[in-house]
Amino acid sequence: MTAPRLEIDLNKIYHNAHELVVRLAERGISVTGVTKAALGSVEMANTLLRAGVTALGDSRIENIKAICLARNSAQIKDAAMLLIRSPMLSQVAQVVRYADISCNTEIDVIKKLSVEAQKQSRTHQVLLMVELGDLREGIMPGDLIGTVREVLSLPNILLKGIGTNLACRSGVSPDATNMAKLSELADLIETTFDLTLDVVSGGNSANIQWALNGAQTDTGRINNLRLGEAILLGCEPLQRQAIEGLYTNAITLVAEVIESKRKPSQPTGDIAQSAFGETLLANDRALTDRGIVRQAILAIGIQDIDPSGLQAPAGIEILGASSDHLVVASVKGDLFVGEEVTFQLNYSALVRAMTSPFVSKVFTHRQYATSEPACTQVSA
Ligand SMILES: *Cc1c(COP(=O)(O)O)cnc(C)c1O
Numbered sequence: 128m129t130a131p132r133l134e135i136d137l138n139k140i141y142h143n144a145h146e147l148v149v150r151l152a153e154r155g156i157s158v159t160g161v162t163k164a165a166l167g168s169v170e171m172a173n174t175l176l177r178a179g180v181t182a183l184g185d186s187r188i189e190n191i192k193a194i195c196l197a198r199n200s201a202q203i204k205d206a207a208m209l210l211i212r213s214p215m216l217s218q219v220a221q222v223v224r225y226a227d228i229s230c231n232t233e234i235d236v237i238k239k240l241s242v243e244a245q246k247q248s249r250t251h252q253v254l255l256m257v258e259l260g261d262l263r264e265g266i267m268p269g270d271l272i273g274t275v276r277e278v279l280s281l282p283n284i285l286l287k288g289i290g291t292n293l294a295c296r297s298g299v300s301p302d303a304t305n306m307a308k309l310s311e312l313a314d315l316i317e318t319t320f321d322l323t324l325d326v327v328s329g330g331n332s333a334n335i336q337w338a339l340n341g342a343q344t345d346t347g348r349i350n351n352l353r354l355g356e357a358i359l360l361g362c363e364p365l366q367r368q369a370i371e372g373l374y375t376n377a378i379t380l381v382a383e384v385i386e387s388k389r390k391p392s393q394p395t396g397d398i399a400q401s402a403f404g405e406t407l408l409a410n411d412r413a414l415t416d417r418g419i420v421r422q423a424i425l426a427i428g429i430q431d432i433d434p435s436g437l438q439a440p441a442g443i444e445i446l447g448a449s450s451d452h453l454v455v456a457s458v459k460g461d462l463f464v465g466e467e468v469t470f471q472l473n474y475s476a477l478v479r480a481m482t483s484p485f486v487s488k489v490f491t492h493r494q495y496a497t498s499e500p501a502c503t504q505v506s507a
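Counting from 1 along the sequence shown, just add 127 to a position and that's the residue number in the working numbering.
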């Protein structure tokens with residue numbers, strides 16, 4: 128089989144997504160399956176929809192377009208597609224065409240969406256994102272009512288709801304306080320304008336602990352989460368702890384050995400900068416003399432992965448990497464040329480591998496991505 132490759136087990140992805148859909152439904156929370164780390168994969172989209180997610184979300188309109196155009200299943204045709212990054216003004220025509228809903232924070236963008244929606248004779252739905260402390264995207268809470276008033280006046284725009292995004296930029300954890308604030312804002316909008324918000328989207332995978340923390344969590348008005356990492360990697364992103372009952376190895380990376388030799392553990396000669404501007408001083412592994420080691424090179428590099436986000440199998444240690452070479456040491460025996468080594472990945476290694484054209488994507492258990500419904504849809 129071709130290497131390097133990502134092996135994506137759709138059975139495990141299905142299991143993770145379905146588990147989260149069921150557990151969160153008990154708290155009255157629906158799941159938007161976030162596909163951004165899967166680069167618009169139709170197999171992934173179908174699997175998530177079969178597992179019961181109520182919508183698909185992606186940060187790139189290109190990925191949403193790819194999934195829409197494939198339209199190879201009834202599920203995708205019926206699924207609501209959510210653009211989870213604020214649209215670029217230069218892309219609003221595509222956003223209106225391919226996304227049903229978009230997350231927004233700028234009234235100028237929403238006005239342009241309205242103009243474009245009128246042109247295309249469509250209704251575009253808007254989820255207003257609110258800033259609650261993480262300082263990435265979001266309307267300041269004090270400006271929200273004013274923005275809602277403007278949005279409600281725009282033709283062909285429907286206010287679908289509000290949402291927030293925490294943890295991504297500053298690591299701010301979703302908690303009782305910031306989630307209660309979001310609920311409060313939802314109530315305030317509803318009473319001020321005498322309307323009902325369909326969606327109050329509390330956040331991403333970082334919200335899992337808050338949402339599933341037993342009966343003591345009051346989830347208030349929050350009725351949706353947008354989940355990527357928790358489904359794909361089976362862990363929560365605050366402490367990167369595995370979520371109980373989920374697979375953490377649904378996606379693995381396989382690379383191939385192209386050189387295997389006994390070499391000294393320490394370099395010889397004057398040490399200056401390496402290819403990526405690091406000096407060995409920063410990497411103290413190479414400073415410890417461990418005598419002769421069993422060193423091997425795998426044909427994959429910084430172009431394709433974030434080496435610090437790879438977890439090697441037992442007995443293999445990652446020593447370093449350059450653009451096309453990953454250098455490892457084996458303590459259990461010599462690796463042979465042509466041998467394949469399987470790694471686990473974190474989110475940053477995963478997104479980079481997904482976007483590298485040099486890494487092929489191999490789906491196993493593809494029956495989970497076929498169009499016949501596998502289970503009854505669970506929704507909040
Ligand atoms: C990436 C992203 C998500 C999904 O994040 P995960 O940590 O992968 O669950 C949700 N919402 C927004 C706005 C995002 O950018």
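C-beta atoms are modelled at their ideal positions from N, C-alpha and C, and glycine is treated no differently.
* To do: Using only the heavy atoms of ligand 1, determine whether one of them is closer than 7 Å to the beta carbon of residue 161.
  => yes
* **Proximity test, residue 356 beta-carbon vs ligand 1 heavy atom, cut-off 7 Å** => yes
* To do: Report yes if the C-beta distance between residue 283 and residue 241 is below 8 Å; otherwise report no.
  => yes
* Could you check which residue in 157, 130, 139 has the C-alpha nearest to that of residue 493? => 139
* Would you call the region 322-337 and the region 436-454 touching, i.e. three or more CB-CB distances under 8 Å? -> no
* So is residue 470 buried or exposed if we call it buried at 16+ other beta carbons inside 10 Å? -> buried
* From 344, 243, 202, pick the residue whose C-alpha is nearest to that of residue 508; which is it? -> Residue coverage of the chain in this structure runs from 128 to 507, which leaves residue 508 outside it and unanswerable.
* Rounded C-alpha distance that separates residue 460 from residue 422 -> 10 Å
* Contacts around residue 250, its chain only, beta-carbon distance under 7 Å, and the 5 residues preceding and following it disregarded -> 244, 283, 285
* Does DSSP put residue 409 in a helix, a strand or coil? -> Low per-residue confidence applies at residue 409: pLDDT is 49, beneath 50, and the placement is therefore not dependable, though the value from the model is reported in the following sentence. In this structure, residue 409 counts as helix in the three-state DSSP scheme.
* Is there contact here, the region 178-185 with the region 143-162, by at least three beta-carbon pairs under 8 Å? -> yes
* Specify the secondary structure class of residue 388 as computed by DSSP and reduced to three states. => strand
* Asked: Just the Cα atoms here: how many angstroms apart are residue 192 and residue 224?
  -> 9 Å
* Starting from the C-beta of residue 473, find all residues in its chain whose C-beta is less than 6 Å away, skip the five residues before and the five after it, and write them out in chain order. => 436
* Short Cβ contact (8 Å threshold) for residue 167 with residue 190 -> yes
* To do: Please work out which residues of its chain come closer than 7 Å, Cβ to Cβ, to residue 363, disregarding the five sequence neighbours upstream and downstream, and give them in chain order.
  => 332, 333, 335, 336, 357, 370
* Asked: Is residue 318 closer than 8 Å to residue 266 when the C-beta atoms are compared?
  -> no
* Asked: Is any heavy atom in ligand 1 found nearer than 7 Å to the beta carbon of residue 479?
  -> no
* List the endpoints of the continuous alpha helix (DSSP H) containing residue 145. => 137-152
* Asked: If we call anything under 8 Å between Cβ atoms a contact, is residue 260 one with residue 383?
  -> no
* To do: Inspect the beta-carbon positions of residue 392 and residue 417 and report whether they are closer than 8 Å.
  => yes
* Taking the alpha carbon of residue 415 as the point to measure from, which residue in 479, 400, 446, 387 has its own alpha carbon closest? -> 446
* Asked: Should residue 370 be counted as a contact of ligand 1 given a C-beta to heavy atom distance under 7 Å?
  -> no
* Asked: residue 323 by DSSP, collapsed to three states: which one?
  -> coil
* Return the CA-CA distance between residue 165 and residue 397, expressed in angstroms with no decimal places. => 43 Å
* To do: Decide if residue 129 is buried, meaning its Cβ has at least 16 other Cβ atoms within 10 Å, or exposed.
  => exposed
* **Nonlocal neighbours in the same chain, by C-beta distance under 7 Å from residue 347, ignoring five residues either side** => 306, 307, 310
* Take the Cβ of residue 444 as the centre, count every other Cβ of all protein chains shown within 10 Å, and call the residue buried at 16 or more, exposed below. => exposed
* Asked: Rounded to a whole number of angstroms, what is the C-alpha to C-alpha distance between residue 351 and residue 489?
  -> 31 Å
* Asked: For ligand 1, any of its heavy atoms closer than 7 Å to the Cβ of residue 340?
  -> no
* Asked: CB-CB under 6 Å to residue 408, same chain, minus the five flanking residues each way: which ones, in chain order?
  -> For residue 408, the predicted model reports a pLDDT of 48, less than 50, meaning its position is unreliable; a value from the coordinates is still stated below. If we look at residue 408 and ignore the five residues flanking it on each side, it has no Cβ neighbours.
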